[in-house]
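K.L.:
I have a structure I would like to understand better, so I am pasting it below and will then ask my questions one at a time.
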Amino acid sequence: MNTITATPATASRAGAHDLVSYAALLLRVTLGATLLTHGLIKLFVFTLPGTAAFFSSVGFPGWTAYIVAPAEALGGLALIVGFQTRWVAIATLPILLGAMSVHIHNGYTFSNANGGWEYPLFLVAAAVLAALLGGGRYALTRSA
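In the working numbering, the protein residues as written are 59 to 202.
If you want it as structure tokens, here you go:
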């Protein structure tokens, strides 16, 4: 006699949970890598004084560069390893919305001169999704 140990509904929910965890992993690692890259560029390529000058030229106080660049780099690293994914993703939203505001007058497509706002909008959406999904099963601090 055959014994069924899981109903199809239970098996499909377990499989869906695995897919959500993989999706959360892919999302937070790619978003984290993007944020880490942009933060490191601000710190080591443009340098903090150069980033501060750029921020001033687009209407942000220059001193905010000294907060944004390390926050972007550390937030990216935290997302990659899955540390407090929901809170970190929420904390990056002001940075990403600020980036979007810089590009808003350049039109939608990022191929426009000085870049449009489609790419920053996509990063905002990714951060919102990371906040909603959490880190998943494969994060340093797991979320259900």
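We treat Cβ as the ideally placed atom computed from N, Cα and C, and that holds for glycine. Since the structure is predicted, the reported quantities are computational estimates derived from the model, not experimental observations.
Whole angstroms are fine: how far does the CA of Ala123 sit from the CA of Ala111?
P.N.:
Approximately 9 Å between the Cα atoms of the pair.
K.L.:
Pull up the distance between the alpha-carbon of Pro128 and that of Asp76, whole angstroms please.
P.N.:
Going by the C-alpha atoms only, they are around 33 Å apart.
K.L.:
How long is the line joining the alpha carbons of Ala69 and Ala81, rounded to whole angstroms?
P.N.:
At Ala69 the pLDDT is 47, less than 50, meaning the model places this residue with poor confidence and gives no usable figure here.
K.L.:
Helix, strand or coil for Phe104? Go by DSSP, reduced to three states.
P.N.:
Three-state DSSP puts Phe104 in coil, outside helix and strand.
K.L.:
Short of 7 Å in beta carbon distance, which residues of its chain neighbour Ala189, apart from the five on each side in sequence? Order them along the chain.
P.N.:
Within the same chain, Ala189 has close Cβ partners Arg144, Ala147 and Ile148.
K.L.:
Phe113: buried (16+ other C-beta within 10 angstroms of its C-beta) or exposed?
P.N.:
The residue is buried, with at least 16 neighbouring Cβ atoms inside 10 Å.
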